[in-house]
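Residue numbers (this note's numbering), protein chains in the order written: chain V, 1 to 155; chain L, 1001 to 1264. Okay, structure first, notes after.
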Amino acid sequence: MPTISMTVNGNAVSADVDVRTLLVHFIRDNIGLTGTHVGCDTSQCGACVVHVGGKSVKSCTMLAVQAEGADVATIEGLASGDEMHPMQAAFKEHHGLQCGFCTPGMVMSAIDLVNNNPGADEATIREQLDGNICRCTGYHNIVKAIQDGASRMGG
Amino acid sequence: MNSFEYHRPGSVTDAAAAISGADDGKFLAGGQTLLAVMKLGLAAPSDLVDLGGIADLKGIQVKGGAVTIGAMTTHAEVNSSADVQGAIPALASLASVIGDRQVRNSGTLGGSLANNDPAADYPAAILALGATITTDKRQIAADDFIVGLFETALEEGEMITSVSFPQPSKAAYKKFKQPASRFALVGVFVAQTPDGVRVAVTGASSHAHRAEVLEEALGNDFSPSALDSVTIPADGLNSDIHASAEYRANLVKVMAIRAVEACG
């Protein structure tokens, strides 16, 4: 089993893994960060979205060995102590979650979306969010939260 | 997923050596199709040769009237490249409608072409633009590259290193998305090139193909109305739960008209 090392939320981590280990399972089972979810396991739903090298990816469709040496960010790394990331705060404020299962992936995708397109309008946000599915269909408040989160991140 | 030997070479030469030493090896590009089919047990390579660590396979260059894109360049990078947007805006735009944002951050040009899904977008682009595919062994014209259903001219162990797209005078790609998969139910790429009008269709049949009847009509008169009297036969087109062959045939014409309109 190869030993792989990467940075997760600023911390150097290392583990011996089977080469078949998906990044999402490495994060959940080896590192113990269970905020990143497995929904469909077929890269449709976006519950497993994390950032690798600053870009949002579906961690169920990436091998952990592919992330060797990479800088990985998960939902757990966003807050500074008790202070939520502006996008998390906006999701709370606008009730951008119902059951919460899709929320970590939604927030990680939303931050990447805003980083790439800070002035995105509502239509663009809806279109760019097509890789994340909310089975509660709570999209209206998710989109509102992202619009507010974008202005909070800019300000 | 079956187990495999994992290789992460740092150069094209080392990657070629790794694949030739493997029983039944496969190159791993962005993994957006290969890992999915491995999970389903539809592929079980003995070795995976990960191309993600080869810097030479990434990057975009505009030179001599062509845009050359490294095989491991992601769809997101093609979409956001000022060089591609400037030289071939239709290609940058095509890259923005592949999959979703996360797929575009991982999936690559070379991976998409080597896989040659019948409903993928890039096969239409290489055919319509008359691109040249460079591998570690040779250069292949787009018309010779696309062979059949998931079938290309690539030989066992042959690796795409870059693709060169000649700059057209006008081009546009219009795609009717299958809304769940975001693959093309039908996509049509229209280009005015030095060799005349080239039109390629994806999603409609077993593999992307040139549409001679549309090329002929547009070669005489490059305007949307030139396609009014054209009929696309449904024979041989795909028919499934998403769309009948007749529906796809009509979509080919509609998407072609919209693409010509978008050429301005």
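We treat Cβ as the ideally placed atom computed from N, Cα and C, and that holds for glycine.
Beta-carbon spacing of residue i, residue j below 8 Å
i	j	result
A1259 (chain L)	A1245 (chain L)	no
V17 (chain V)	N132 (chain V)	no
G1203 (chain L)	G1111 (chain L)	no
V1265 (chain L)	V1199 (chain L)	Outside the displayed range of chain L (1001 to 1264) lies residue 1265 (chain L), so it cannot be described from this structure.
K1174 (chain L)	V1197 (chain L)	no
M110 (chain V)	M87 (chain V)	The amino acid occupying residue 110 (chain V) in the given sequence is Ala; Met does not appear at that position. Contact: yes.
T7 (chain V)	V52 (chain V)	no
R953 (chain L)	Q128 (chain V)	Nothing in the structure corresponds to residue 953 (chain L), since chain L is present only between 1001 and 1264.
F1150 (chain L)	L1251 (chain L)	no
F1145 (chain L)	V19 (chain V)	no
T36 (chain V)	L1035 (chain L)	no
A1217 (chain L)	A1090 (chain L)	no
R1248 (chain L)	L1127 (chain L)	no
C45 (chain V)	G39 (chain V)	yes
Inter-residue Cα distance where the pair is residue i and residue j
i	j	result
Y1122 (chain L)	E83 (chain V)	44 Å
Q1167 (chain L)	F101 (chain V)	46 Å
P1045 (chain L)	R1182 (chain L)	27 Å
S80 (chain V)	N9 (chain V)	11 Å
K1162 (chain L)	G1070 (chain L)	A small correction: the amino acid at residue 1162 (chain L) is Ser; Lys does not occupy that position in the sequence shown. If I take the Cα positions, the gap works out to 4 Å.
T1033 (chain L)	A1125 (chain L)	19 Å
S116 (chain V)	A1092 (chain L)	Strictly speaking, residue 116 (chain V) in this sequence is Asn, with Ser absent from that position. For N116 (chain V) and A1092 (chain L), the distance between alpha carbons rounds to 16 Å.
G69 (chain V)	D1221 (chain L)	55 Å
G1025 (chain L)	V1230 (chain L)	46 Å
G1041 (chain L)	L1048 (chain L)	15 Å
L1227 (chain L)	T42 (chain V)	40 Å
E1156 (chain L)	G1010 (chain L)	20 Å
G1065 (chain L)	L1237 (chain L)	35 Å
T2 (chain V)	G1148 (chain L)	Residue 2 (chain V) is actually Pro in this sequence, not Thr. Spanning the two alpha carbons is a distance of roughly 38 Å.
L1094 (chain L)	H85 (chain V)	33 Å
Y139 (chain V)	M1001 (chain L)	34 Å
A89 (chain V)	H95 (chain V)	10 Å
S1206 (chain L)	P1118 (chain L)	5 Å
I1060 (chain L)	E93 (chain V)	42 Å
Sheet register partners of residue i (DSSP bridge)
i	result
F1027 (chain L)	L:V1049
F1165 (chain L)	L:V1067
N11 (chain V)	V:V8
G1010 (chain L)	None, per the DSSP bridge assignment.
Q1192 (chain L)	L:K1170 and L:V1197
T1152 (chain L)	L:I1146
L63 (chain V)	V:L22
T1108 (chain L)	L:T1074
R1187 (chain L)	At residue 1187 (chain L) the sequence reads Gly, which differs from the Arg that was named. Answer is L:K1175 and L:T1202, bridged to G1187 (chain L).
H1209 (chain L)	L:V1201
Close-in-space but distant-in-sequence residues of the same chain around residue i (CB under 6 Å, 5 per side omitted)
i	result
L33 (chain V)	I27, T74 and E76
I125 (chain V)	V143 and I146
Y1006 (chain L)	L1048
A1243 (chain L)	L1185
Q1178 (chain L)	L1185 and H1242
Sequence-distant residues of the same chain with beta carbon closer than 8 Å to residue i, five excluded per side
i	result
E122 (chain V)	V143 and Q147
C134 (chain V)	Q98, C102, M106 and I142
G1219 (chain L)	G1196 and V1197
A67 (chain V)	I4, M6, L23, F26 and V52
Q1139 (chain L)	T1132 and I1133
Presumed contact (8 Å Cβ cut-off) between residue i and residue j, rounded CB distance
i	j	result
F1165 (chain L)	I1088 (chain L)	6 Å
L113 (chain V)	A64 (chain V)	Between A64 (chain V) and L113 (chain V) the Cβ distance is about 25 Å, and since that is not below 8 Å, they are no contact.
S56 (chain V)	M108 (chain V)	6 Å
I1160 (chain L)	A1114 (chain L)	6 Å
H1012 (chain L)	D1056 (chain L)	Looking at the sequence shown, residue 1012 (chain L) is not His but Val. Between D1056 (chain L) and V1012 (chain L) the Cβ distance is about 6 Å, and since that is below 8 Å, they are a contact.
A15 (chain V)	N30 (chain V)	4 Å
Same chain, Cβ closer than 7 Å to residue i, five either side skipped, listed in chain order
i	result
L1109 (chain L)	I1069, A1071, T1073, V1078, Y1122 and V1163
E1298 (chain L)	Residue numbering for chain L in the displayed model covers 1001 to 1264; residue 1298 (chain L) lies beyond these limits and cannot be assessed.
A1141 (chain L)	T1132
Contact set between residue i and chain B, taken where Cβ atoms lie within less than 8 Å
i	result
G131 (chain V)	In the structure shown, chain B cannot be found, because the protein chains are V and L.
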